[in-house]
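Asks: Numbering-wise (UniProt numbering), the sequence shown opens with residue 1 and increments by one.
The beta-carbon is built from N, C-alpha and C at its ideal position, and this holds for glycine as well.
Note that this is a predicted model, so its numbers are computed, not measured.
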Amino acid sequence: MGLHRAPSANGTVLSATQTHVDHDASPGGRSRSHSRAKAGSGDSTALDHSAPTDTNKHKSSNSNATAITAEADAGQGDDDEDETKAKLELTPDEEGADLGPFEFKPYVLASMLDPKDLDSLRAIGGTEGLLKGLGTSGSKGLGQGHDRQGGEGGEGGEGAYGADIEERRRVYGPNVLPQRVSKSLLQLMWLALKDKVLVLLSIAAVVSLALGLFQDFGTPLPPGQPKVDWVEGVAIMAAIVIVVVVGSVNDYQKERQFQVLNDKKEERGVRLIRNGEERVVDIKDVCVGDVCLLEPGEIVPVDGVFLGGHGVRCDESGATGESDAIMKLTYEECVARRERGEASNHEDCFVVSGSKVLEGVGRYCVVAVGTKSFNGRIMMALRTDAENTPLQLKLNALAELIAKLGSIAGLVLFSALMIRFFVQIGTGVPERTANQKGIAFVQILIIAVTLVVVAVPEGLPLAVTLALAFATKRMTYEKLLVRVLGSCETMANASVVCTDKTGTLTQNVMAVVAGSVGIHGKFVANLADNAARSNAEDRKHPDDFSIDQKDMNSAMGAGLRTLFNEAIAVNSTAFEDADPESGERVFVGSKTETALLKFAKELGWANYKEIREAKEVVQMIPFSSNRKAMGVVVRMEGGGCRLYVKGASEILTKKCTRHVVVAQNSGQNAGNEVETQAIGEKEKDNIARTIIFYANQTLRTIALCYRDFESWPPAGKKNDENEVEYEELAQDLTLIAVTGIEDPLREGVREAVAKCHKAGVTIKMCTGDNVLTARSIALQCGIYTAGGIIMEGPVFRQLSDAEMMEVVPRLQVLARSSPEDKKILVERLRALGEIVGVTGDGTNDGPALKTADVGFSMGIAGTEVAKEASDIILMDDNFASIVKAIMWGRCVNDAVRKFLQFQVSTNVTAVVITLVTAIASTTESSVLSAVQLLWINIIMDTFAALALATDPASEALLDRKPDKKTAPLFSVQMYKQILFQSTYQIIITLLFHFLGLQILGYPSDSTTQQDTIVQTLVFNAFVFAQIFNSINCRRLDNKLNIFEGLTNNWYFMIVTLIEIAVQILIVFVGGAAFQVTRIGGREWGISIALGVVSIPLGALVRCMPDAPFERFFILLHLLPNPEVLPTLKPNSSGEEWNSAINRVRDNLGLFSNVRGGRVRSSSFVIKSRSARLRDEGERTTLPSLMAMVPTLVASSIGAGWMPQPGNFADPASQDPSKSSAALWEGKIQIHPDTKPDDLAYKRWGPPQ
């Protein structure tokens, strides 16, 4: 980093990396005097930023100006050297940069955070000096566009306050990182030409051309012989150019598609304040001086200085390596703490880009963006090329193996032909001139090198790259943004998807449709049409009454309305903004909060902004998935403070001791006073029945409560700088209302779940809602099916390892679950060998998203932390998009396998026939010339990759079960096709090559023209065999309809037509270049008929049973033997504790329980889902089997000393004060349609 200077409040200039202090000679002057300064405090302080800053040992100087002047005189001799060094370290744009109206250079601001230096901020006047120097307001932010924004400490339109957005971007740069310069088409061509094999072939082609020219024009030729020997060299070079151009164009197109994808990944919105209004802008539009907002789950996009907030803690481990959460304080608070000697390394006033907001809300002033921000510099330094996906790595390894085999074949051919060549030279038969011998040698070299070119499957990596590029582009159109390419392949074999409920299965368009004010006043939206929601038939209290939601104001007094409205407006971070598409005013933020704000607005209550501005916030308690609630403490006008809390109704209502009173007679509700009553047993029962009633209608129930405090902080409560623990506050609450919020199911969710089940993918729902709401939604979606169980998170996480492994396969709904529960579930599923996909939207979902094989984050409701941890972003938050991801994943895998089947078939045939015919030939010539082989190479690699890798996804892909992790690239069906297609093509090629004259009825003393006709027919038949085999390869299974979906793939049809057209053109006009001649209708018919045979042959092979071939391929070690037990079970980390030991422990505990009579021994075999109980089970590994032997022997001893753990039969066994019935009541349920003879029913069903 270069030397950075900035004027402080009194003219002192700060150096970020040197120990210089500059003094402006005049307010507008540029002359400076240099001096060394010691670290000190005060307005005139200058600091050495390169030295460690120990805030606790900071010393001040009472005469800073004197010390600086004296030291300046003493150190004058060093100034020249220091100045030279400083100039060398200055960045080019710093020395003469035009700062316009701003006081600080870009890198001066950036250097405050690298390293964090409070004294640097003090030197420029603290927060006040920073805001003034940047021309912004800490409360209102910047003006919009060219508006002049007055601010604190400045006059509107003067200096930096008059700068517009464009001026800020000019001085401090845009908030974008420069795009990586992609390779141009010419560069890609040059890279392709540098391939060693192509270089060798090019050299051979040049030599061939030179010898051909000499043969044609340098030596006399017999009369009538055409001068065509030079044509082959030109044709080979032309073919090389075509191969390079076609491959490079494909690569260029692929790079452009991935660039578009990367640009899409960078898109995100940032919340900030401009013109005093909250709004969401694109991340690219944020500039220095903006006042941005912090909220839980956000990844900080820019560097800044914290201006204020409540309970903000950031995880900076990803940016700075600090593993602890860093508390954010204002500059003034940091200075005050340091002066009291209370400064800590775990708190500061700097907001670092790339860090994650763990909790709290706040605002900060942006000081560095783009490449000047901390994270921007790191990202620029760490830029690397994209890594290959697992499938690409597999195929690269396979391509390398095939290339080695091809190279061996080429070497064998070259050696065999050279041996014969030398023998011919020795015997003198046939007679050749020196020039002819040279040509013969070059032909040997060309045919051998061409064989290697054909054998090297450069189209294999291209196929998977094209398939991924095509799939990811199409997936973007279908609202799936792929962040990690490998996830595309992994989803193909996903066997379990753990999904959230809100916004994924439901629409996330929430609205308050029912509720209860206090305990007795039940309100329902459109009561006349929704009388069933009033629970009139279930009432037990005479004071209960129902009212239409729109008439609520008449049933509540002014005081209760104000209380209700404040509980909604103040305890919320949502806000109103203009919709970017329609321009309408809409609420932005948490969908639950926006539903409540909309509810208040529809009732005509006071505007939420007015209420928020009128209230002084003392403490904010952000939402936490652990406490299922959020709160805010505000100061009351008459003195004292009030806590507003909202959250899960069944949790908060248990903390309530009073409730507000509302009566059906509106006269009793008049006045500003809010009447409350104590909650007794009848009231508790009323509340519980209300919550259950709403939950059974799939309504999310949110309770709103309050509590008053006479003073703050409350007497006797634990506090840290006026921050009181939530648990200390959330006691003796008063219930205001329970609201029932409707979030309708998304259209097509039930069908999407059914498709997943058909595809062999189990769906497990993890939700924070209560068990009744979760059960109702799961039944509607079709997730909760016979044999499945429902459990609550707190119970699930208390299970032992053995119990958990037994429950997990049958678990279909996990209610009241935390992100940690979801992570545990994912780990257990992966331990069972499942391939797991997980959806998540919150910050705490990050670990589960990372643990899963594929993580899906929500594009609308998801936090930036969740998106960063995920592999695929659901841009519409729709569960049906997960089904599309499965389809496209399988489509990619199938596309690669189709190409693989075609490529290997062609490779084997081309290598065998070239090898055999060249060795059998007396003139060292192959059945296919070098140019013909290069044309076939284009068909086999580039064209085939383009045609077969672009088949679109279809729902037919969901008709099969997912493949296992260990499934090989080649299936039995693929090997069958390769075997028969290659054998057929080899037979017809060799048959017509050696016996073509007799088959076509030509005399034995045939002419050269007749020989050329036969060779043209062979070449034509071989090419058409490849074209029709590519159609045959469109289907990998044993179904016969190979034309299914053909009209949906225009790439395939166009490529096939191009291949046919070019082949016809070659035969008609290729002539000497391709060593072909025009053939008649009979020969055309024969060659096309021989090619068409590939299709009925493929159908015949599909009708053959797989079992005998599978045994044959296993004998050849082409397929793994399923009957061989693995000796080691693979795991994700490779370093886990031996699971056999854990199994011993769990089994000892099981035998102990059996002996105690608490739990019956379970014969339940671990399965992945109920539908596969009899078919698919996890194979027990050898260590586990051996581990059972000592278990059986030791069980009788172990039962005597093993402690009794908590278990299914009695979860309260470790806590005798709690009854089992109380703990398990409603905590675990088995589907009512489960058959009584089902093992799960016997295990967890109701007692017989």
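(1) State whether the stretch 513–522 contacts the stretch 689–706, with contact taken as three or more CB pairs (one from each stretch) at a distance under 8 Å.
(2) Taking just the CA atoms, how far does ARG1035 sit from ASN1041?
(3) Residue range of the alpha helix (DSSP H) that SER415 falls in?
(4) Should the stretch 170–179 be regarded as contacting the stretch 394–411, the criterion being three or more beta carbon pairs within less than 8 Å?
(5) How would you label TRP1050, buried or exposed, when you count the other beta carbons within 10 angstroms and need 16 or more for buried?
(6) Could you give the residue range of the beta strand (DSSP E) that holds ARG746?
(7) Across the stretch 229–236 and the stretch 1065–1078, are there enough close Cβ pairs to call them in contact, namely three or more that are closer than 8 Å?
(8) Give the DSSP bridge partners of ILE444, in chain order.
(9) LEU90 by DSSP, collapsed to three states: which one?
(10) Spatial neighbours of LEU480 within its chain, please: C-beta separation below 8 Å, excluding the five flanking residues on both sides.
(11) Based on the DSSP output, what are the partners of TYR364 in its beta bridges?
(12) What residue ranges within the stretch 1013–1083 form continuous beta strand (DSSP E) runs of no fewer than 3 residues, ordered along the chain?
(13) Check GLN697 in the structure and name its three-state DSSP category.
(14) Using alpha carbons as the reference points, say which of TYR1241, ILE1013 and ASP164 lies closest to PRO101.
(15) Does the separation of the CB atoms of ASN907 and ALA471 fall below 8 Å?
(16) I need the straight-line Cα distance from VAL243 to LEU211, nearest angstrom please.
(17) Skipping 5 residues on each side, what residues in its chain have a beta carbon closer than 6 Å to that of PHE623?
(18) Who are the near neighbours of GLY304 in its chain, counting only those whose CB is closer than 7 Å to its CB and skipping five residues on each side?
(19) Assign VAL1069 to buried or exposed, taking buried as 16 or more other Cβ atoms, counted over all protein chains shown, within 10 Å of its Cβ.
(20) Quick one: what's got a C-beta closer than 8 Å to ILE999's C-beta in the same chain, skipping five residues either side?
(21) Could you compute how far the alpha carbon of VAL280 sits from the alpha carbon of PRO952?
(22) Where do the ends of the alpha helix (DSSP H) carrying THR839 lie?
(23) Just verifying my parser: in three-state terms, what is the DSSP assignment at ARG707?
(24) Looking at VAL1023 and ILE1088, is the spacing between their C-beta atoms short of 8 Å?
(25) For VAL260 and MET189, which I take to be in contact (beta-carbon distance under 8 Å), what is that distance rounded to the nearest angstrom?
(26) Using alpha carbons as the reference points, say which of LEU825, LEU946, SER818 and SER120 lies closest to VAL807.
(27) Per the DSSP calculation, CYS656 is bridged to which residue(s)?
(28) Nearest CA to the CA of GLU820: which residue from ALA802, LEU799 and GLY793?
(29) Would you list the residues sitting across from PHE980 in a DSSP beta bridge?
(30) Say yes only if the C-beta of ALA703 is nearer than 7 Å to one or more non-hydrogen atoms of the ligand SAH, and no if none qualify.
(31) Quick check: the Cα distance between ARG32 and PRO106, rounded to an integer number of angstroms?
(32) Please list the terminal residues of the continuous beta strand (DSSP E) segment that includes PRO622.
(33) Residue 1277 and LEU652 look like a contact to me (Cβ under 8 Å); what is the Cβ gap, rounded to whole Å?
(34) Quick one, are the C-beta atoms of GLN619 and GLU723 less than 8 Å apart?
(35) So that I know if they touch, is there some Cβ in chain E lying closer than 8 Å to that of THR1016?
(36) Out of VAL497, PRO714 and GLY846, point me to the one whose CA is closest to LEU863's CA.
Replies: In this structure, then:
(1) Enough Cβ pairs lie closer than 8 Å, so yes.
(2) One C-alpha to the other measures close to 8 Å.
(3) Looking at the DSSP string, the run of the alpha helix (DSSP H) that includes SER415 is 390–427.
(4) Taking one beta carbon from each stretch, the stretch 170–179 and the stretch 394–411 have fewer than 3 pairs nearer than 8 Å; the two do not touch.
(5) By the 10 Å Cβ count, TRP1050 comes out exposed.
(6) ARG746 -> no beta strand (DSSP E), and no H or E assigned at all.
(7) By the C-beta criterion, the stretch 229–236 is judged to be in contact with the stretch 1065–1078, since at least 3 inter-stretch pairs fall below 8 Å.
(8) Partner residues in a beta bridge of ILE444, as assigned by DSSP, do not exist.
(9) Because LEU90 sits at a pLDDT of 30, beneath the cut-off of 50, its placement in the model cannot be relied upon, and the following sentence gives the value as read from the coordinates. Coil.
(10) Excluding residues within five positions, the ones whose Cβ falls inside 8 Å are ILE872, ILE873, LEU874, MET875, SER881, LYS884, ALA885 and TRP888.
(11) In the DSSP output, where bridge partners are listed per residue, TYR364 has CYS292 and PHE306.
(12) The stretch 1013–1083 contains no whole beta strand (DSSP E) run of 3 or more residues.
(13) Coil.
(14) Closest by alpha carbon: ASP164.
(15) Cβ distance not < 8 Å, so ASN907 and ALA471 don't count as in contact.
(16) Rounded to whole angstroms, the gap between the alpha carbons of VAL243 and LEU211 is 24 Å.
(17) In the same chain as PHE623, and ignoring 5 residues on each side of it, the C-beta atoms closer than 6 Å to its own belong to MET630, in chain order.
(18) The beta carbon of GLY304 lies closer than 7 Å to those of CYS292, VAL351, TYR364, CYS365, VAL366 and VAL367 in the same chain, with the five residues before and after it left out.
(19) VAL1069 comes out exposed.
(20) Around ILE999: LEU991 and PHE992.
(21) So the two alpha carbons sit approximately 36 Å from each other.
(22) Looking at the DSSP string, THR839 is not in any alpha helix (DSSP H); the run it does join, the beta strand (DSSP E), is 836–840.
(23) The answer is strand: DSSP assigns ARG707 an E or B state.
(24) Not in contact: ILE1088 and VAL1023 (Cβ atoms no closer than 8 Å).
(25) Between MET189 and VAL260 the Cβ distance is about 22 Å, and since that is not below 8 Å, they are no contact.
(26) That would be LEU825, whose Cα lies nearest to the Cα of VAL807.
(27) According to DSSP, which records beta bridges pairwise, CYS656 is partnered with LEU733.
(28) Residue GLY793 is the option with its Cα nearest to GLU820.
(29) Under DSSP, no beta-bridge partner is assigned to PHE980.
(30) Ligands in the displayed structure: none, and consequently the ligand SAH is not present.
(31) Bear in mind that the predicted position of ARG32 carries a pLDDT of just 34, short of 50, making it too unreliable to give a figure here.
(32) From DSSP, the beta strand (DSSP E) with PRO622 extends over 616–624.
(33) Given a span of 1 to 1248 for the chain in the structure shown, any question on residue 1277 remains unanswerable.
(34) Yes, these two residues count as a Cβ contact at 8 Å.
(35) The structure shown contains no chain E, having only a single protein chain.
(36) Correcting the residue identity first, residue 863 is Thr in this sequence and not Leu. Taking the Cα of THR863 as reference, the smallest distance to any Cα among VAL497, PRO714 and GLY846 is reached at GLY846.
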